[in-house]
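Peer 1: I have a structure I would like to understand better, so I am pasting it below and will then ask my questions one at a time.
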Amino acid sequence: MRGPYRAADGGETVSFSFDGVPLKARPGDTLAAALLANGIGLVGRSFKYHRPRGIMAAGVEEPNALVTVGEGGRAEPNTRATDLFVYDGLVATSQNHWLSLSHDAGAVIGLASRALPAGFYYKTFFGPAKRWLRYEVPIRRAAGLGKAPAERDPDGFAQRAGFCDVLVVGAGPAGLKAALDAAEGGARVMLVEQDAVLGASLIRDPEAGRDPAWIEAAAARIRALGGRILTRTTASGYWDHNFVTLAERLVEPGAIPPHGIAQRLWHVRAGKVILATGALERPIPFSDNDRPGVMLSQAVRTYVRRFGVVPGRRVVIATNNDDAYRTADALAEAGADVVAILDARPAGSGPASPYPTHFDARPAGVSGTRHHLKRVTALVGGREQGWEADLLAVSGGFVPVVHLHMQAGGKLDWNEAAQAFVPGPIAQACVTVGGAADPPPAPPVTPAGAPKKSFVDFQNDVTLADVDLAWQEGYRSVEHLKRYTTLGMATDQGKTSNIVALSRLAEKQGVAVPDAGVTTFRPPYTPVTMGVLAGTAAKSAGAHVRRLPLHDAHARHKPVWQPTGHWFRPRAYPLEGETTTAAAMREAKAVRQHVGLTDVSTLAKFEVSGPDAAALLELVCATAVATLKTGRGRYTFMLREDGMVFDDGTVWRIADDRYLLTSSTGGADRMATHLSYVRNTLRPEMRVSVVNVQEHHAAVALAGPRAKAIVETLTGGEPPRHMSAARATLAGVPVLVLAASYSGERAFEIYAEATAALPVWSALAAAVAAAGGGPYGLDAMDLLRIEKGHVLVGGEVDGRTTPDDMGLRTMLNKAGGYIGAAGLQRPALSETGRLQLVGLEALDGAILEGAMLIAAEGETPHGHVTAAGRRVADEGSIALALLRDGRARHGETLIASSPMRGASTRVRVAAPHFYDAAGERYRG
Amino acid sequence: MYLIPCPHCGPRAQAEFTYERTTDSVVDPAGPVGTAMGTLFTRANPMGMDDEIWRHTYGCRAWLVLTRDRLTHAIAAVRTIGPEALP
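Top to bottom, those sequences are chains Y and L.
Heads up: the first sequence runs through residues 5 to 928, numbered per this note's numbering.
Heads up: the second sequence runs through residues 2 to 88, numbered per this note's numbering.
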């Protein structure tokens with residue numbers, strides 16, 4: 005006749021393994037079907053109590069049968085065995101147990117489950133925080149699902165955009181029909197199905213609707229009309245303006261993709277969306293309803309009809325609707341013994357059946373081993389009755405899959421006959437058809453048995469007793485219930501549990517279910533792997549690299565490169581055997597003693613021109629600009645509207661109605677947007693043009709006592725004096741020479757067109773080398789600027805500091821009228837206690853960047869170190885810091901403490917100018 | 002993700018645009034000092050239609066005012082802000 009689980013016909017051709025045991029399956033099997041066919045009932049342990057769990061469903065709603073599939077970086081934890089199609093060589097392992105699946109040490113927790121009720125975390129961790137450190141290890145070991153792989157995922161992921169007139173989600177009879185109609189009406193159609201094959205309920209119930217041959221014919225016709233059909237594709241998110249994301253599995257989880265791409269995320273903008281998402285079966289709560297051997301009725305039928313797997317020989321069916329009778333037929337046809345149908349409805353309901361049928365009957369409990377079911381007891385008309393059985397198929401009615409409808413902003417209606425929420429008013433161009441719109445009637449079933457062991461959320465081990473406890477302790481809204489019990493928070497997002505729990509809550513409140521409320525469904529419908537969301541950016545292929553115009557010239561010196569934003573800049577140019585730190589100090593010394601050359605091409609640069617150029621800059625810059633004479637420049641800074649310093653740089657009047665504004669590298673994009681905003685929305689009437697010329701000019705800074713002589717020689721003319729600009733020719737290239745100093749030495753910034761900059765650099769580098777200097781990098785630049793007390797955007801300018809905090813108040817435009825002038829008037833910005841810029845000198849040891857400034861160990865910090873460096877002359881440790889009322893505290897001794905790094909240094913507070921405070925050197 | 006009808010580029014995905022602020026929070030630099038901080042920090046935040054400033058950052062880079070319903074995300078109108086034409 006038939007084998008114990010699998011109908012005998014057909015050969016088994018696919019090999020796979022479960023927990024290391026080699027097994028066989030048939031092509032087209034899900035892992036769940038293959039496990040059942042091999043007589044495996046126990047597939048996992050529950051999250052909290054480690055109770056033995058079997059397969060319950062046959063689709064994405066499965067809460068129990070979660071496995072880790074694949075090996076190494078390809079391992080995919082928490083994969084549903086019911087949503088995973090077996091391929092040759094599939095390696096699956098059970099999860100959430102300690103020792104082995106059969107003998108789980110954690111199961112003793114289940115015996116002590118009284119100590120772990122809902123809200124356990126809240127209650128346990130009210131108390132000293134230190135206690136958590138003791139509990140954490142055992143709790144983390146006991147709870148949790150599969151482990152994330154430590155290795156990198158070797159597979160690639162792709163993203164793709166799609167457009168269609170009609171997107172149909174679900175290829176059951178309703179979806180196929182809708183897609184076919186739309187395609188024949190001339191629409192561009194996309195049909196997506198999460199299963200590997202089309203047809204959905206038609207595969208399970210061929211007698212119920214159309215001929216299975218119709219599925220292929222319909223699909224072929226849709227394709228012939230230009231429609232696109234995607235299987236193994238889940239519509240995971242429904243966003244605004246009919247934007248739907250589809251997660252397409254090109255290979256099964258854990259498999260090696262032949263073309264390197266494992267999954268693809270579609271971004272689809274649809275004209276109209278048809279949701280043919282069907283309905284999920286609802287379990288019935290009773291004592292020990294989570295045992296292996298208790299399955300959903302439709303799932304049982306699916307295993308029998310679609311996979312030829314008969315999950316039990318002696319079967320009891322518990323139901324409150326007509327659908328489960330078809331399961332009885334399917335089982336009987338396959339040779340199983342239907343020993344009883346328990347119909348919760350009164351006598352006379354339900355279709356005529358040849359099976360022993362009991363009305364007003366509901367299951368009360370089951371018993372058996374941890375692998376298999378042995379006995380079912382039920383209350384029939386209030387009296388207890390029992391049967392020997394190895395399978396209990398339950399059907400508590402149907403819950404329409406309204407997730408996408410609700411994600412799209414739609415409201416829900418309550419269908420009293422079906423005891424389910426159905427799609428109500430819509431918010432976007434979408435319509436729900438088929439079983440999701442019109443579930444069959446199913447009256448409520450009063451739960452029987454102990455609420456303590458009647459599970460509603462199988463994945464998070466939430467029982468009816470937990471729902472009752474939440475109610476009793478005052479967590480009465482659905483949102484509170486959810487947070488208190490973790491109901492519906494697992495990877496299945498409560499697909500089988502929510503409505504059962506809501507019914508219980510409504511019953512407690514004495515209101516109808518819709519009045520108890522419902523939580524919001526949010527994307528994704530089923531879990532989506534992180535890799536596919538990142539797409540090609542998963543392996544940082546999306547990050548671009550910006551190279552300096554003089555990149556190759558630097559590369560010849562073999563510098564240590566420093567990524568700054570997307571730019572690669574030289575950090576230091578170490579000689580053979582020299583450390584980066586030593587190189588930076590050598591380069592900085594060369595600048596102080598002779599001369600140095602550095603690349604500043606990445607600075608933000610804007611040309612502002614036109615009759616209103618000065619007026620626009622007066623608005624943007626907090627310093628005066630209009631008074632600037634042609635050929636002169638000025639240090640400047642910009643404020644946000646709330647008065648905080650936003651960025652700093654220099655502004656140069658290079659012609660009567662033309663200015664050059666520079667600002668920091670890191671803030672370049674932000675500044676470009678800011679200027680665009682000011683120009684376009686605040687001052688659209690101004691006659692001014694703002695052009696971003698950041699990449700148009702290469703710029704090199706020449707600094708040191710011999711810089712002036714070099715410029716004089718190479719340009720053949722008198723170099724501009726400090727803060728002046730001049731046009732010149734250098735190495736045959738037209739250049740703009742700006743005399744400005746960031747290092748504190750006499751210095752020039754020389755601008756040339758980026759494409760013509762190489763001869764300029766070469767000529768300067770040769771002259772610098774002859775004068776005893778060389779190129780210097782970012783580290784040397786930092787040493788020089790810290791010693792000089794120049795602020796850096798991102799260090800001292802951290803978005804919380806005002807001009808006054810930085811010691812820049814005297815530079816503010818007296819006339820006002822700049823952005824941020826109003827914000828600066830706020831009283832809090834002139835109160836005492838603000839963090840102000842100071843310098844620090846170490847009295848012992850070295851100051852660490854980021855260290856806290858304290859008066860004594862254990863005290864509240866008075867401020868923090870923003871940048872630490874060493875004096876270029878004698879290498880003593882110095883730093884810049886933001887210190888509460890810092891300007892009034894020069895001379896005070898504090899401790900710069902960094903407990904994380906276990907280091908603290910005594911420091912003396914000083915003015916932030918350690919070098920040439922009078923500024924005699926740079927004026928030179 | 003919204004579909005924003007850019008007056009210059011046509012309907013484009015929201016990912017191309019950057020939200021800036023609502024029109025009622027634009028601080029007039031020439032306005033009285035007393036009202037500036039109120040404009041910046043005390044916003045209307047209506048439950049329904051509001052005028053918002055967006056920028057078509059990865060498109061024409063125009064600054065736009067979107068009249069958008071915060072409940073339904075319906076976009077009632079889009080107009081460009083900025084100089085009509087450069088001299």
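Built from N, CA and C at the ideal position, the CB exists for glycine as well.
Small disclaimer: the values here were computed from a predicted structure and weren't measured.
If we ignore side chains and look at the alpha-carbon of each, how far apart do residue 672(Y) and residue 883(Y) end up?
Peer 2: Going from the Cα of residue 672(Y) to the Cα of residue 883(Y) covers about 26 Å.
Peer 1: Against residue 73(L), what residues of chain Y qualify as contacts under a CB-to-CB distance less than 8 Å, listed in chain order?
Peer 2: 413 and 431
Peer 1: In chain Y, what lies closer than 7 Å to residue 41(L) by C-beta?
Peer 2: 645 and 646
Peer 1: For residue 152(Y) and residue 397(Y), what's the separation of their Cα atoms in angstroms?
Peer 2: 34 Å
Peer 1: Where does residue 558(Y) land, buried or exposed, given buried means 16+ other C-beta within 10 angstroms?
Peer 2: buried
Peer 1: Tell me residue 266(Y)'s beta-bridge partners as DSSP assigns them.
Peer 2: Looking at the DSSP output, residue 266(Y) shares a beta bridge with no other residue.
Peer 1: Using the beta-carbon of each residue, which ones in chain L are nearer than 9 Å to residue 247(Y)?
Peer 2: 2, 3, 4, 14 and 15
Peer 1: Would you say the segment 440 to 459 of chain Y touches the segment 367 to 377 of chain Y, given that touching needs at least three Cβ pairs under 8 Å?
Peer 2: yes
Peer 1: Using a Cβ-Cβ distance cut-off of 9 Å, determine whether residue 287(Y) contacts chain L.
Peer 2: no
Peer 1: What's the call for residue 86(L), buried or exposed, on a 16-neighbour Cβ count within 10 Å?
Peer 2: Residue confidence is low: residue 86(L) scores 40 on pLDDT, short of 50, so the model does not pin down where it sits. Its coordinate-derived value is still stated next. So residue 86(L) ends up on the exposed side.
Peer 1: Who are the near neighbours of residue 428(Y) in its chain, counting only those whose CB is closer than 7 Å to its CB and skipping five residues on each side?
Peer 2: 414, 415, 416 and 417
Peer 1: Looking at residue 437(Y) and residue 187(Y), is the spacing between their C-beta atoms short of 9 Å?
Peer 2: Contact: no.
Peer 1: Which bits of chain L does residue 273(Y) rub up against, with CB to CB less than 8 Å?
Peer 2: 4 and 14
Peer 1: In this structure, does DSSP put residue 86(L) in helix, strand or coil?
Peer 2: For residue 86(L), the predicted structure reports a pLDDT of 40, less than 50, and the residue's modelled location is therefore unreliable. The matter cannot be settled from this model.
Peer 1: Contact between the segment 305 to 317 of chain Y and the segment 37 to 50 of chain Y: three or more CB pairs below 8 Å?
Peer 2: Contact between the segment 305 to 317 of chain Y and the segment 37 to 50 of chain Y is present, with at least three C-beta pairs closer than 8 Å.
Peer 1: Please report whether the beta-carbon of residue 826(Y) lies at a distance below 9 Å from any beta-carbon of chain L.
Peer 2: yes
Peer 1: Can you give me the start and stop residues for the beta strand (DSSP E) that residue 507(Y) sits inside?
Peer 2: Per DSSP, residue 507(Y) belongs to no beta strand (DSSP E); it is in the alpha helix (DSSP H), 502 to 513.
Peer 1: With C-beta atoms as the reference, is residue 166(Y) less than 9 Å away from residue 243(Y)?
Peer 2: no
Peer 1: Tell me the DSSP bridge mates of residue 598(Y)?
Peer 2: DSSP, once it has assigned bridges, lists no residue as partnering residue 598(Y).
Peer 1: Taking the runs of the alpha helix (DSSP H) that are 4 residues or longer, which of them lie wholly in the segment 16 to 55 of chain Y?
Peer 2: Taken in chain order, the whole alpha helix (DSSP H) runs of length 4 or more contained in the segment 16 to 55 of chain Y are 35 to 41.
Peer 1: Give a yes or no on whether the minimum CB-CB distance between residue 51(L) and chain Y is below 9 Å.
Peer 2: Not an interface residue.
Peer 1: Going by CA-CA distance only, name the one from 15(L), 35(L), 53(L) and 30(L) that's closest to residue 78(L).
Peer 2: 53(L)
Peer 1: What does the Cβ neighbour count give for residue 322(Y), buried or exposed, with the cut at 16 atoms within 10 Å?
Peer 2: buried
Peer 1: Grab the span of the alpha helix (DSSP H) containing residue 804(Y) for me, first residue to last.
Peer 2: Counting along the chain, residue 804(Y) falls outside any alpha helix (DSSP H), and DSSP gives it neither H nor E.
Peer 1: I'd like to confirm the pairing. Which residues does DSSP put opposite residue 554(Y) in its beta bridges?
Peer 2: Per DSSP, none; premise fails for residue 554(Y).
Peer 1: Could you tell me the alpha carbon to alpha carbon distance between residue 896(Y) and residue 488(Y), rounded to whole angstroms?
Peer 2: 53 Å
Peer 1: Go through its chain and collect everything with a Cβ distance to residue 703(Y)'s Cβ below 6 Å, but skip five positions before and after it.
Peer 2: 604, 605, 753 and 755
Peer 1: Output yes if chain L places a C-beta closer than 9 Å to the C-beta of residue 660(Y); else output no.
Peer 2: no
Peer 1: What's the call for residue 727(Y), buried or exposed, on a 16-neighbour Cβ count within 10 Å?
Peer 2: buried
Peer 1: Report all residues from its chain with a CB closer than 8 Å to the CB of residue 851(Y); omit the five preceding and five following residues, and keep chain order.
Peer 2: 844, 869, 872, 881, 882, 883, 900, 909 and 911
Peer 1: Determine the extent of the alpha helix (DSSP H) in which residue 788(Y) is found, giving its start and end residues.
Peer 2: 782 to 792
Peer 1: Going residue by residue through the segment 427 to 484 of chain Y, where are the continuous beta strand (DSSP E) segments of at least 3 residues, counting only ones entirely within it?
Peer 2: 434 to 436 and 459 to 461, all fully within the segment 427 to 484 of chain Y.
Peer 1: Taking 9 Å as the CB-CB cut-off, is residue 88(L) touching chain Y?
Peer 2: Because residue 88(L) carries a pLDDT of 38, less than 50, the predicted location of this residue cannot be relied on, and no value is offered for it.
Peer 1: How would you list, in chain order, the residues of chain L whose beta-carbon sits under 7 Å from the beta-carbon of residue 671(Y)?
Peer 2: What residue 671(Y) touches in chain L: nothing, since even the nearest Cβ is about 16 Å away.
Peer 1: For residue 48(L), count neighbouring Cβ atoms within 10 angstroms of its own Cβ and tell me buried if that reaches 16, exposed if not.
Peer 2: Per the 10 Å Cβ criterion, exposed.
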